[in-house]
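Data first, discussion second: the structure below is written as structure tokens.
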Amino acid sequence: MQDYSSITRLIRKSSWLCLTMLLLSTGSFASEADTADVIYPERMKSRSTLETIAYIPGAIVHYPIHLIFTGFGGTVGWVVDTKVIERVNDLLTSDDELRGLQPTYSARTGAGANLYQKGLLSGFAAHNKDTATLTAAFGFRGRHYYQLLWESIPLPLHRTDATLTARQRLFPEEAFFGVGPHSQLGNKTIHSHRRTRISGDLARDLTNMVTVKVAAGADWNEIGDGAEANEVDDDGEIEEPSTNRTYTEAMLPGVIDPAALGYVGLGFEIDSRNRPGDPTRGVHGHLSSKLHSDLEGGHWGFVRSEIDVSYYKHLIYKRVFVFRAAVSSNRTSASGRAIPFYELAELGEDNTIRGFERNRFRGRDKAIGSIEYRFPLRDIWGESGLDFSLFVDAGQVSSRGFFNDVRWKDTLIGVGGGFRIWNLDGMVAKVELARSREMWRIYLVLN
Amino acid sequence: MHKPLLPTIALCVLGLSIAVAAEQPVLNTATIPDDRNCISQPPPSRNSINDFADAIDKQFAQPIEYAFDIPRGIQKLTGNRKQAFNTDAFDLVPASSWYTPRHTANPLSLEELQLGPNRIDGPNTSGTWTIVRAKADGVTPGFAIEDQDGNRFFIKFDPPGYSELASGAEVVATKIFYAAGYFTPENYVVTFDPAILTMGEGVKLIDEKGRKRSMNDADLEDILERVEYLPDGRLRALASRYIPGKPIGPFRFEGTIEEDPNDFIPHQHRRELRGLYVLGSWLNHIDSKAQNSLDSYVTDENSCSYVRHYLIDFGTCLGSGGRGPHPGYRGHENEIDPGSIFRKIITLGMWVEEYEKPDTVLYPSIGRYSNQGFHPDRFHSIFPNPAYDNMTLRDAYWGARLVASFSDHELEAIVQTGQYSNPDAEAYLVQQLVNRRDIICKYWFEKMPPMDHFTLHEGEGGKYRLTFDDLAVTLGLEESVGTDYLVSIGNQTDAGHIPDGDILDSNEFDLPEEWLAAGGGWVSLRMRRPNKRNWTQAVHLFVEVDDRGRDAALTGLVRDE
């Protein structure tokens, strides 16, 4: 009996347990059933079947473009979201932000890094704005650039600071087309140029707008074969001969002989622009003169004098004209002295006449005039913006004095336009397209 | 040579037949399913949408897509743009998880308008506020707090030098958006002693260097250093109460959310999102991007849980740009506007937009909110909005109807909730809102006849009288004297034919008994303003008479575009 009773108890307990579980389970089912029984509305299509079919041809065309934009947007979005740039920057910067490593790039010097240290002299001066920067950059064909720059070094003189520079660079593909205003594009030769420089500058603010600078330094220059020079094309002709194999030292001073040059100079800078990033009025200019002489007692010796003035004229509603005039003159310092060809005035850089190849014209003197018209496409809070510019650059070089070998019809002209992104600190980037009588040229400048 | 003539004629005849047939109004009898069905589990949370990626998509990728969308192009060219999917028989938007008809359906009292979505009195400033979260995005500095009552709020400050600007704009815009029918957070203007702030445990922030770390007192001090104090040392801020339910993430103004079974209408085809353009143009809601929206899994009063869709962050409405008065181009152009850029380049910068000319911000607390250069159809949000891109005239009319529902007096009451300390500034804002409302309504009501609020009631002698409001007259934009209404009546027996109707000078008239006896049909109404030669597009009303031939009722309407 006891066995039976225990079995009965067991059955009873089990029954309660089962019932409880059943209730619990049905309860849970019931709560799910509340929503499980819901018939949700059928999702509507934004396009009908016919529209979808008609949409297909257009979709095939636009989808790749769409992918590019969404890919770009997504990538930048990821960069912004993850703050990867800030993180890397933080990783490469000390906690006190006085030292760090930064990437650097320019088309001319290549890609590399800056290692900087701020406030080296903080223990010796009340302010610690001095910054020492070690730069190493490399590019294709052996291009390299090393620099140690120590700037804003405080001095125990009122409103005066100093800059020290040590630099070595090798540009393997420098172009040379001849000297004077009539050099021909077809006479292009290329060479490498290694330059090592040490220099020191002293700058003193005379007023808030005027700075006087004293400079001294030394350069060691060496010309070699241009990278990929003397290559022969399918017709058996040399495509771009090397400069140092085309010219003799007598024909082109400096092309064979290395030059060790020391210099001292004096300059003034005036800057009355209302803001550096997007000036609408004011003047910015500099005037300088430097005496270069041969450190090894050789025949090099010349004086370079330069003046470069830009005047910003506001028209209406941030439409601005920028008038620029620049003159550069190189004169031998004494009879029998010579000027290395690479120290001659140059036209072709993007800050000279746009639309020509770099180094396109060389001459003893150069004169440039430029008119640039800028108007805003977007101005965000007055702190950054996008401008469009139209410009006309004109100028010429001279090897025997402007009144001797330059005629009006020889004036080089480049015209073009482009976009310019700025912020309060300065120009951030610009893209310009320029046209000269010789070529179209695109300039992409990152600051 | 003559052979192609026959098919051409046939096509023309077919086209004309279609055109004639198209004149017969067809009532939209589709029922819009309720999208507030219970969902047992909240949909998975979504990541926030990156502003930059979204901007590139909307500014560049989407226009390219539109350019190659042949059906869309044809619909646009033929004036047959796709209408919103979620309108009822009266061309209105039924209540849903997106929208609740409020002020237009049952006008709210002044107290209700001032209260808006608020359910409490704001954060309790008598006790301490514990900072529970750092503010990760947005243009204004802030953080989230929990007051001693356990309520949580995002605290956002006005930009230095522009006290009341963002907080006032956000509160005023909130009240209007809410009254119009959208779901919004509870936003309060609050003044408090910064001493009540205490740092909570484990509050994380991502600093400007991208490092995730605990927020500390120095961070709080940094925020408080960047805000403007009241003369008595207290701070004025906007307190935005946490939205109820479980936040899911922002919604986009296009497509549907796969994980939400109730989300069955592509967002760009929702009337309330398309028509938001008009309300946005009124309130200068330039930042109507996906990031300024939030889906939340809520439980309603019937214990049913589903996803509700909120508009949030109105700190850049009216004259506020978040960091100060918004730049002049905002509202006039997209942030990167290819059309404007092209125009300026092609004219060599000689094209000077109105906003480029120097203006004066009269009141720092109001910012840049004037109607100089404003055009109702040329309002631009910072980045294009796909719902706006699909807006039709019917959507715009619906939006203008919302705007028109606010009287001068009601706007005065709403603006008071911005708690502006300068009465002149407050009066200025009211005046600008009134002026812009009138500009908007006048424009859209000229595009679509503003005959609305139709009622049919049995009058003396058993005659049925149809009455309606002329919203432009109600708003004082037009004179009722001299406005004519052309009434035509039709039914299925003369399908496709709208007879020349009677011209009335009143917005009420009796329906013909014989026509009602025949079962009713449709009544087409057009209007003509004084000094206008042409009649407007028609509004077709549908009247149905019951089987006994006695009770007539309005069953819907169709507005011609």
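Chains as they are written, first to last, in my numbering: chain A, 1 to 447; chain B, 1 to 561.
In this text, a Cβ means the ideal position worked out from N, Cα and C, and glycines have one as well.
Q) In terms of alpha-carbon separation, which member of Arg358/A, Asp365/A, Met209/A and Leu390/A lies closest to Pro376/A? A) Taking the first residue of the first sequence as 1, we reach residue 376/A at position 376. Checked all of Arg358/A, Asp365/A, Met209/A and Leu390/A; the closest Cα to Pro376/A is Leu390/A.
**Q.** Start-to-end residues for the beta strand (DSSP E) that takes in Pro247/B
**A.** By one-based count along the second sequence, residue 247/B stands at place 247. That run of the beta strand (DSSP E) goes Lys246 to Gly249.
Q) Where do the ends of the beta strand (DSSP E) carrying Ser370/B lie? A) Mapped onto the second sequence, residue 370/B falls at position 370. Note, Ser370/B: premise wrong, no beta strand (DSSP E); not H, not E.
**Q.** Cβ-based neighbour list, Asp387/A, same chain, cut-off 6 angstroms, excluding 5 preceding and 5 following
**A.** Residue numbering aside, residue 387/A sits at position 387 when the first sequence is read from its first letter. Cβ neighbours of Asp387/A beyond the five flanking positions: Arg374, Pro376 and Arg420.
Q | Contact list for the stretch 149 to 171 of chain B against chain A, Cβ threshold 9 angstroms | A | none
Q. Between the beta-carbon of Ile145/B and the beta-carbon of Val132/B, is there less than 8 angstroms?
A. Walking along the second sequence from the start, residue 145/B turns up at place 145. Walking along the second sequence from the start, residue 132/B turns up at place 132. Yes, the Cβ-Cβ distance between Ile145/B and Val132/B is below 8 angstroms.
**Q.** Contact under 8 angstroms by Cβ, Leu261/A with Asp294/A
**A.** For the purposes of this step, residue 261/A is taken as residue 261 along the first sequence, with counting starting at 1. For the purposes of this step, residue 294/A is taken as residue 294 along the first sequence, with counting starting at 1. In contact: Leu261/A and Asp294/A (Cβ atoms closer than 8 angstroms).
Q: Take Leu446/A as the anchor and find which of Ser106/A, Ile39/A and Val38/A has the nearest alpha-carbon.
A: The residue given as residue 446/A occupies position 446 in the first sequence. The candidate whose alpha carbon is nearest that of Leu446/A is Ser106/A.
Q) Does the separation of the CB atoms of Tyr40/A and Asn37/B fall below 8 angstroms? A) Numbered from 1 along the first sequence, position 40 holds the residue referred to as residue 40/A. Numbered from 1 along the second sequence, position 37 holds the residue referred to as residue 37/B. Yes; because the gap between Cβ atoms is below 8 angstroms, this pair is in contact.
Q) Is any beta-carbon of chain A found at less than 8 angstroms from that of Phe379/B? A) Position 379 of the second sequence holds residue 379/B. Not an interface residue.
Q.
Suppose the cutoff is 7 angstroms on Cβ atoms and the five residues either side in sequence are ignored; what does the same chain contact list for Pro376/B look like?
A. Here residue 376/B refers to the residue found at position 376 of the second sequence. Within the same chain, Pro376/B has close Cβ partners Ser281, Ile439, Ile440, Tyr443 and Trp444.
**Q.** CA-to-CA distance, Ile366/B to Phe183/B, given in whole angstroms
**A.** The residue given as residue 183/B occupies position 183 in the second sequence. The residue given as residue 366/B occupies position 366 in the second sequence. Taking the straight line from one Cα to the other gives about 24 angstroms.
Q) So, is Ile368/A buried or exposed, given that buried needs 16 or more other C-beta atoms within 10 angstroms? A) The residue given as residue 368/A occupies position 368 in the first sequence. Its Cβ being crowded by 16 or more others within 10 Å, Ile368/A is buried.
Q: Starting from the beta carbon of Thr198/B, find every residue of chain A whose beta carbon is closer than 7 angstroms, and list them in chain order.
A: Here residue 198/B corresponds to residue number 198 of the second sequence, with the count starting at 1. The contacting residues do not exist; Thr198/B stays about 27 angstroms from chain A at best.
Q. Is Pro94/B helix, strand or coil by DSSP?
A. For the purposes of this step, residue 94/B is identified with residue 94 of the second sequence, where counting begins at 1. Coil at Pro94/B, not helix or strand.
(Q) Quick check: is the beta carbon of Lys447/B nearer than 8 angstroms to any beta carbon in chain A? (A) Stepping through the second sequence from its first residue, residue 447/B is reached at position 447. Judged by the 8 angstroms Cβ criterion, Lys447/B is not in contact with chain A.
Q.
What residue range does the alpha helix (DSSP H) around Phe342/B cover?
A. On the second sequence, position 342 is the one that residue 342/B refers to. Element bounds for Phe342/B: Pro338 to Ile346.
Q | chain A contacts from the stretch 239 to 260 of chain B (Cβ-Cβ distance under 7 angstroms) | A | Thr256
Q: Round the Cβ separation of Gly245/B and Ser296/B to the nearest angstrom and send it over; I've been treating them as touching at under 8 angstroms.
A: As a working note, residue 245/B is residue 245 in the second sequence. As a working note, residue 296/B is residue 296 in the second sequence. Indeed, because the Cβ distance is near 4 angstroms, the residues count as touching under 8 angstroms.
Q.
Please state the DSSP three-state secondary structure of Val430/B.
A. The residue you call residue 430/B lines up with position 430 of the second sequence. In this structure, Val430/B counts as helix in the three-state DSSP scheme.
Q) Can you check whether the CB of Arg273/A is closer than 8 angstroms to the CB of Tyr312/A? A) Sequence index remark: in the first sequence, residue 312/A carries index 312 (1-based). Sequence index remark: in the first sequence, residue 273/A carries index 273 (1-based). Yes; because the gap between Cβ atoms is below 8 angstroms, this pair is in contact.
Q: Thinking Ile286/B and Gly322/B are a contact (beta carbons under 8 angstroms), I'd like their distance in whole angstroms, please.
A: On the second sequence, residue 286/B is found 286 positions in, with the first residue counted as 1. On the second sequence, residue 322/B is found 322 positions in, with the first residue counted as 1. Wrong, their Cβ atoms sit about 10 angstroms apart, outside the cutoff.
Q: Whole angstroms is fine: what's the gap from Val38/A's alpha carbon to Arg102/B's?
A: Taking the first residue of the first sequence as position 1, residue 38/A is located at position 38. Taking the first residue of the second sequence as position 1, residue 102/B is located at position 102. Near 27 angstroms, if we compare the C-alpha coordinates of Arg102/B and Val38/A.
Q | Beta-carbon proximity list for Tyr229/B, same chain, < 7 angstroms, skipping 5 on both sides | A | The sequence position of residue 229/B within the second sequence is 229, counting from 1. Excluding sequence neighbours, Tyr229/B sits near Leu235.
Q. In this structure, does DSSP put Phe542/B in helix, strand or coil?
A. Reading the second sequence from its first residue, position 542 is the one you call residue 542/B. Correct three-state label for Phe542/B: strand.
Q.
If we define contact as Cβ-Cβ less than 8 angstroms, is Lys344/B a contact residue for chain A?
A. Counting from 1 along the second sequence, the entry for residue 344/B is found at position 344. Closer than 8 angstroms to some Cβ of chain A, the Cβ of Lys344/B qualifies, so yes.
Q) Among all the DSSP beta bridges, which residues are the ones paired with Ile153/A? A) The sequence position of residue 153/A within the first sequence is 153, counting from 1. DSSP, once it has assigned bridges, lists Ala162/A as partnering Ile153/A.
Q. If you compare alpha carbons, which of Pro42/B, Gln41/B, Lys58/B and Ser421/B is closest to Gln49/B?
A. Along the second sequence, read from residue 1 onward, the residue named residue 49/B stands at position 49. Reading off the sequence shown, one finds Ile at residue 49/B, where the question assumed Gln. Residue Lys58/B is the option with its Cα nearest to Ile49/B.
Q. Within the present structure, is the beta-carbon of Leu344/A separated from the nearest heavy atom of the ligand SAH by less than 7 angstroms?
A. For the ligand SAH, the structure offers nothing, since it holds no ligand at all.
Q) Do Arg526/B and Leu486/B have their C-beta atoms within less than 8 angstroms of each other? A) Working through the second sequence from its first residue, we reach residue 526/B at position 526. Working through the second sequence from its first residue, we reach residue 486/B at position 486. Yes, Cβ-Cβ distance for Arg526/B and Leu486/B is below 8 angstroms.
Q: Would you list, in chain order, the members of the stretch 52 to 72 of chain A that have their beta-carbon closer than 8 angstroms to a beta-carbon of chain B?
A: Ala54, Tyr55, Pro57, Gly58, Ala59, Val61, His62, Ile65, His66, Phe69, Thr70 and Phe72
Q: For the stretch 386 to 446 of chain A, list the alpha helix (DSSP H) runs that are entirely contained and at least 4 residues long, ordered along the chain.
A: 402 to 405
**Q.** 6 angstroms CB neighbourhood of Asn292/B in its chain, flanking five on each side removed
**A.** Residue 292/B sits at position 292 when you count from the first residue of the second sequence. The answer, listed in chain order, is Ile312 and Asp313.
Q: On the DSSP bridge assignment, give the partners of Ala338/A in chain order.
A: Within the first sequence, residue 338/A is the residue found at index 338, counting from 1. Per DSSP, Trp300/A.
Q: Give the secondary structure of Thr49/A by DSSP, where H, G and I count as helix, E and B as strand, and everything else as coil.
A: The sequence position of residue 49/A within the first sequence is 49, counting from 1. Looking at Thr49/A - three-state DSSP - the assignment turns out to be helix.
Q. Would Arg211/B count as contacting chain A if we go by Cβ distances under 8 angstroms?
A. By one-based count along the second sequence, residue 211/B stands at place 211. It does: the Cβ of Arg211/B has a partner Cβ on chain A nearer than 8 angstroms.
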